[in-house]
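>
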Amino acid sequence: MFPKPIEKSSRAAQLSYQGLLPIALLMWLAPLIAVALFSVKPDTDFTTGNYWGLPSAFGGFENYGKVFFQSDMPRYLMNSFLITVPTVIGAVALSCMTGFALGIYKFKSNLWIFFMFVAGNFVPFQILMVPVRDLTLDMGLYNTKTGLVLFHIAFQTGFCTLFMRNFIRALPYELIEAARVEGVAEWRIFWFVVLPLMKPAIAALSVLIFTFIWNDYFWAVVLTQGIESQPVTAGITSFNAQYRAAYHLMSAGSIVAALPPVAMFFLMQRHFIAGLTLGAVK
Numbered sequence: 000m001f002p003k004p005i006e007k008s009s010r011a012a013q014l015s016y017q018g019l020l021p022i023a024l025l026m027w028l029a030p031l032i033a034v035a036l037f038s039v040k041p042d043t044d045f046t047t048g049n050y051w052g053l054p055s056a057f058g059g060f061e062n063y064g065k066v067f068f069q070s071d072m073p074r075y076l077m078n079s080f081l082i083t084v085p086t087v088i089g090a091v092a093l094s095c096m097t098g099f100a101l102g103i104y105k106f107k108s109n110l111w112i113f114f115m116f117v118a119g120n121f122v123p124f125q126i127l128m129v130p131v132r133d134l135t136l137d138m139g140l141y142n143t144k145t146g147l148v149l150f151h152i153a154f155q156t157g158f159c160t161l162f163m164r165n166f167i168r169a170l171p172y173e174l175i176e177a178a179r180v181e182g183v184a185e186w187r188i189f190w191f192v193v194l195p196l197m198k199p200a201i202a203a204l205s206v207l208i209f210t211f212i213w214n215d216y217f218w219a220v221v222l223t224q225g226i227e228s229q230p231v232t233a234g235i236t237s238f239n240a241q242y243r244a245a246y247h248l249m250s251a252g253s254i255v256a257a258l259p260p261v262a263m264f265f266l267m268q269r270h271f272i273a274g275l276t277l278g279a280v281k
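Under numbering that gives the first Met the number 0, think of the first position of the sequence shown as 0, with each following residue one higher.
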């Protein structure tokens, strides 16, 4: 059922693994290395066709300086934070409550409600593009950060509920029964008994949702336009000139845009791994 450890494989298999691993790692990192290399090239390298060679001069300070001080990138970054943070809080808070209800209470339509949450994750976003855009126009939420937050929360709650419901069902049910015997109200059981045990899952889910929303490009382009509400993923395209793309500035902006989710992962790494592996072993 499980793959055989590489240590127990034949010598030929081990050598093949050791030889192919650096190649696979290089292929995985090649796009990131290319973007990082582009971000420190001067503009003249692109006008002369030096796309894949080494930089003729180091232009990193100039490129990143333009990104931070001579463009709207700081505003786009702020928009991303104003969209991502409320979405994470809203989606995780709702999923904690729905996960508690679906994981603790046993009622007739429990599985059907849970199925509705899960089934929504299998609907392609492209199918919903036109009706969702029309809905935002009718509600007056088009090209607003509030509209993007609300629809992100709606789309992410299904996955978050699946995650939280399965996590809560793995908790010892005896804790719930003991609290009920003591006469504790249901909302107090959720707040004082279940919620403290969910901290690793909340941390892991927060990192995942933060990454999903921060890196979203599809809904950022469909539901917003302009500097007032667009997040950084869509704002990077502002470096495209009328006749030529500023690849060095786009690359520098991409590196800057990738830093917050990477930083959050490393800051929450211990909680993230604990949340994903909790319950994997007894």
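Note that CB positions come from ideal geometry on N, CA and C, so glycine has one too.
Over what stretch of residues does the alpha helix (DSSP H) that includes W51 continue unbroken?
Segment: none, W51 is in no alpha helix (DSSP H) and carries neither H nor E.
> Could you say which of S228, L140, L28 and R269 lies nearest to L198 if we only look at CA atoms?
The sequence shown places Lys at residue 198, not Leu. Among S228, L140, L28 and R269, the Cα nearest to that of K198 belongs to R269.
> Can you find a CB in chain D that lies within less than 8 angstroms of the CB of L174?
Among the chains of the structure shown, chain D does not appear; only one protein chain is present.
> Output yes or no for whether 8 angstroms exceeds the beta carbon distance between F99 and F154.
No; because the gap between Cβ atoms is not below 8 angstroms, this pair is not in contact.
> What is the C-beta distance between F116 and L161, in whole angstroms, given that I count them as a contact (C-beta under 8 angstroms)?
Correct: roughly 6 angstroms between the Cβ atoms.
> Could you tell me the alpha carbon to alpha carbon distance between A178 and P123, rounded to whole angstroms?
Near 42 angstroms, if we compare the C-alpha coordinates of P123 and A178.
> With C-beta atoms as the reference, is N78 less than 8 angstroms away from K144?
Cβ atoms of N78 and K144: closer than 8 angstroms.
> So the candidates are I235, Y50 and P230; which of them puts its Cα closest to the Cα of L81?
Answer by Cα proximity: P230.
> Leaving out the 5 sequence neighbours to the left and right, which residues in its chain are closer than 6 angstroms to G119 when beta-carbon positions are compared?
Answer for G119: G157, listed in chain order.
> Give the DSSP-derived three-state secondary structure of N62 in the structure shown.
Note: N62 maps to helix in three-state DSSP.
> Out of Y216, G59, N214 and L149, point me to the one whose CA is closest to L93's CA.
Considering only alpha carbons, the answer is L149.
> Taking C-beta to C-beta, are R164 and F113 nearer than 8 angstroms?
Going by C-beta atoms, R164 is nearer than 8 angstroms to F113.
> Look up N214 in the DSSP assignment and say whether it is helix, strand or coil.
Correct three-state label for N214: coil.
> Is it right to say Q17 is buried, meaning 16 or more other beta carbons lie within 10 angstroms of its own, or is it exposed?
Exposed, since its Cβ has fewer than 16 Cβ neighbours within 10 Å.
> What residue ranges within the region 82-152 form continuous alpha helix (DSSP H) runs of no fewer than 4 residues, ordered along the chain?
Fully enclosed alpha helix (DSSP H) runs of 4 or longer: 109-118 and 124-138.
> How big is the Cα-Cα spacing for L174 and M267?
Distance between the alpha carbons of L174 and M267: 28 angstroms.
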